[in-house]
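**Student:** For reference, the structure I am asking about is given below.
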Amino acid sequence: LEGHSRRPYILGLTKALLAQGWDVLAWNFRSCGGVMNLQPRFYHSGATEDLRQVVDHGLAQGYQTVFLSGFSMGGNLTLLYLGEQGERVDSRICGAVAYSVPCDLAGSADILALPSRKIYMQRFLKDLRVKIDEKARKFPDLIDVSGFDSIQSFHQFDDRYTAPLHGFKDAVDYWAQCSALGRLKDIRVPALMVNAADDPFLSAKCFPESPSVLGAYVRLDAPKWGGHVGFVEHGRDGYYWSERRALAFLQGVV
Numbered sequence: 025l026e027g028h029s030r031r032p033y034i035l036g037l038t039k040a041l042l043a044q045g046w047d048v049l050a051w052n053f054r055s056c057g058g059v060m061n062l063q064p065r066f067y068h069s070g071a072t073e074d075l076r077q078v079v080d081h082g083l084a085q086g087y088q089t090v091f092l093s094g095f096s097m098g099g100n101l102t103l104l105y106l107g108e109q110g111e112r113v114d115s116r117i118c119g120a121v122a123y124s125v126p127c128d129l130a131g132s133a134d135i136l137a138l139p140s141r142k143i144y145m146q147r148f149l150k151d152l153r154v155k156i157d158e159k160a161r162k163f164p165d166l167i168d169v170s171g172f173d174s175i176q177s178f179h180q181f182d183d184r185y186t187a188p189l190h191g192f193k194d195a196v197d198y199w200a201q202c203s204a205l206g207r208l209k210d211i212r213v214p215a216l217m218v219n220a221a222d223d224p225f226l227s228a229k230c231f232p233e234s235p236s237v238l239g240a241y242v243r244l245d246a247p248k249w250g251g252h253v254g255f256v257e258h259g260r261d262g263y264y265w266s267e268r269r270a271l272a273f274l275q276g277v278v
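If you count the sequence shown from 1, you need to add 24 to reach our numbering.
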């Protein structure tokens, strides 16, 4: 949430892939990356139509092998997209790796509502307030910021803003439709989901082990350490652990 294509973990993976001869396209969600989008909507965990457009653009350039990667919300979006594609997935998409994936959105919202996670929630709401204020100035008939300071959880924020702006009934409906967890079994390309056991944002359901949930193509790695997008152990090659893990997985699927 609230990341962008210049974050260190994006740049690190980009550097590692470029060194292996891959071309890299790092994209931003609507309203991220320093530029506000023009529509009332902005971004959310299930905006797979945006990822689909990015993938289709890459394929239209003539690339014969495409590998997807996502972090946090982007990881959920990546896996949800592949689950929606299912058997129809383009044969040129060879696999995916996703890190720190809140694939159980309802559970992660509950985790972040805990008093012990208040510092994270306050930071998210502070950043989101800036965007909601700007949206309200552009679309005063659609977006009301009065009472925003009373919002203390994603349940309240998603009920008031995310759901109505993006066609969902409420926060619960949004989370149900946009959680990748229930679509993992539908994925038909090799996919690696890396969720650290000490990630402060993830619920227990974000660590599925049952084949009936993961399906035949998804593998879960749950290292003891790593926090949320914090797989920063350096190797002798100068890469973070997450970058080495992605390269190793990629080499195994192409």
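The beta carbon of each residue, even a glycine, is placed where N, CA and C say it ideally should be.
Just so you know, these numbers come straight off a predicted model, no measurement behind them.
Hey, Ser124 and Phe91 are a contact pair by Cβ (cut 8 Å); roughly how many whole angstroms apart?
**Tutor:** Incorrect: roughly 18 Å between the Cβ atoms, too far for contact.
**Student:** Between the C-alpha atoms of Tyr105 and Gly206, what's the straight-line distance to the nearest angstrom?
**Tutor:** Approximately 12 Å between the Cα atoms of the pair.
**Student:** State whether the region 187 to 199 contacts the region 221 to 229, with contact taken as three or more CB pairs (one from each stretch) at a distance under 8 Å.
**Tutor:** Taking 8 Å as the limit for Cβ pairs, the verdict is that the region 221 to 229 does not touch the region 187 to 199.
**Student:** Straight-line CA distance for Arg147 to Leu25?
**Tutor:** Their Cα atoms are separated by approximately 11 Å.
**Student:** Three or more C-beta pairs closer than 8 Å, one from the region 70 to 84 and one from the region 102 to 116: is that the case here?
**Tutor:** Yes, the region 70 to 84 is in contact with the region 102 to 116.
**Student:** Relative to the C-alpha of Gln77, which residue among Asn100, Trp51, Gln88 is closest?
**Tutor:** Comparing Cα-Cα distances from Gln77 to each of Asn100, Trp51, Gln88, the minimum goes to Trp51.
**Student:** What are the boundary residues of the alpha helix (DSSP H) that includes Ile280?
**Tutor:** Residue 280 is absent from the model: the chain starts at 25 and stops at 278.
**Student:** Which residue wins for smallest C-alpha separation from Tyr264, given the options Val277, Ala215, Gly250, Ser174?
**Tutor:** Residue Gly250 is the option with its Cα nearest to Tyr264.
**Student:** Assuming Ser203 and Asp128 make a contact with CB atoms under 8 Å, what is their CB distance in whole Å?
**Tutor:** Indeed they touch by this definition, with Cβ atoms about 6 Å apart.
**Student:** First and last residue of the beta strand (DSSP E) that includes Leu49?
**Tutor:** Neither: Leu49 is in no beta strand (DSSP E) and is coded neither H nor E.
**Student:** Would you list, in sequence order, the uninterrupted alpha helix (DSSP H) runs of no fewer than 4 residues that lie entirely inside the region 202 to 263?
**Tutor:** Within the region 202 to 263, the complete alpha helix (DSSP H) runs of at least 4 residues are 235 to 238.
**Student:** Can you grab the Cα-Cα spacing for the pair Glu111 / Val169, in whole Å?
**Tutor:** Computed Cα separation, rounded: 43 Å.
**Student:** Give a yes or no on whether the C-beta atoms belonging to Leu136 and Tyr144 are separated by under 8 Å.
**Tutor:** Yes; because the gap between Cβ atoms is below 8 Å, this pair is in contact.
**Student:** Nearest to Asp64 by alpha carbon, out of Lys159, Ala246, Leu244, Val277?
**Tutor:** According to the sequence displayed, residue 64 carries Pro and not Asp. Of the candidates Lys159, Ala246, Leu244, Val277, the one whose C-alpha sits nearest the C-alpha of Pro64 is Lys159.
**Student:** On the three-state DSSP scale, how would you describe Leu92?
**Tutor:** Note: Leu92 maps to strand in three-state DSSP.
**Student:** Val218 to Phe163, Cα distance in whole Å?
**Tutor:** Going by the C-alpha atoms only, they are around 39 Å apart.
**Student:** Specify the secondary structure class of Tyr123 as computed by DSSP and reduced to three states.
**Tutor:** Correct three-state label for Tyr123: strand.
**Student:** Is Leu244 near Lys209, with beta carbons less than 8 Å apart?
**Tutor:** No, Cβ-Cβ distance for Leu244 and Lys209 is not below 8 Å.
**Student:** Pick from Ala43, Phe53, Arg268: whose alpha carbon is nearest that of His28?
**Tutor:** Measuring from the Cα of His28, the nearest candidate turns out to be Phe53.
**Student:** Report buried or exposed for Leu42, applying the criterion of at least 16 other Cβ atoms within 10 angstroms of its Cβ.
**Tutor:** By the neighbour-count rule (16 or more Cβ atoms within 10 Å), Leu42 is not buried but exposed.
**Student:** Measuring only the C-alpha atoms, how far is Asp173 from Pro232?
**Tutor:** When rounded, the distance between both Cα atoms is 35 Å.
**Student:** Here's the rule: buried if 16 or more other CB atoms are within 10 angstroms of the residue's CB, otherwise exposed. What is Ala183?
**Tutor:** The question names Ala, yet the displayed sequence has Asp at residue 183. Result: buried.
**Student:** Kindly indicate which three-state DSSP category Ile167 falls into: helix, strand or coil?
**Tutor:** DSSP places Ile167 in coil when its eight states are reduced to three.
**Student:** Using 10 angstroms around the beta-carbon of Ser140, count the other beta-carbons present and answer buried if the total reaches 16, otherwise exposed.
**Tutor:** Looking at its Cβ environment, which holds fewer than 16 other Cβ atoms inside 10 Å, Ser140 is exposed.
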